[in-house]
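Student: Starting off with a structure, shown below.
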Amino acid sequence: MSVSASNKLTCTQTIMHGCQSADSSAFAGIQEAGRNTFDGYLKQIDDRLNGRRWFSDQYTVADPYLFVFYVWALRRGYPVQELKNFTTLKDSLLQRPAVQRVLAKEKISLPA
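Under the numbering used here, the first residue of the sequence shown is numbered 24, with each subsequent residue one higher.
Next up, the structure:
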């Protein structure tokens, strides 16, 4: 089955930009919907990591990518520390010399 460019765009728009409005009175509701969606994604990540060392069966590019999202969430005040499995992944990544080098080179520190 062939998927048209239009269908791909519609799917992407739905996933990435499900809520939008030029009406400023709608902003609070849109922000809340975004937070709820992001919270759901964080929970899915944490659930997926249950009983696993890495997101997949072995270390992959997905793991440091998830680390970035963990740090972003932490910086924006999300209580990601409460997500035990996701926090364990973050801690495992912090033990990797390559991650330590990148954090030092980029002068990135994790919020307390």
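Just so you know, even glycine gets a beta-carbon here, dropped at the ideal spot from N, CA and C.
Would you grab the beta carbon distance between Asp69 and Leu106 for me? Rounded to a whole angstrom, and I think it's under 8 Å.
Tutor: The Cβ separation is near 4 Å, so the contact holds.
Student: Would you kindly work out how many angstroms separate the C-alpha atoms of Leu117 and Gln123, rounded to a whole number?
Tutor: Taking the straight line from one Cα to the other gives about 6 Å.
Student: Out of curiosity, what's the CA-to-CA distance linking Ala127 and Leu65?
Tutor: Roughly 26 Å between the two C-alpha positions.
Student: So, with DSSP's three-state summary, where would you put Pro120?
Tutor: In the structure shown, Pro120 sits in a helix (DSSP, three-state: H, G or I).
Student: Could you please give the first and the last residue of the uninterrupted alpha helix (DSSP H) stretch that includes Gln67?
Tutor: Element bounds for Gln67: Phe50 to Arg71.
Student: I'd like to check one pair, Leu72 with Leu112: are the Cβ atoms closer than 8 Å?
Tutor: In this structure, Leu72 lies closer than 8 Å to Leu112 by Cβ.
Student: For the alpha helix (DSSP H) containing Pro169, list its first residue and its last residue.
Tutor: Residue 169 lies beyond the residue range present for the chain, which begins at 24 and ends at 135; the question has no answer from this structure.
Student: At the level of alpha carbons, what is the spacing between Asn108 and Thr60?
Tutor: Spanning the two alpha carbons is a distance of roughly 19 Å.
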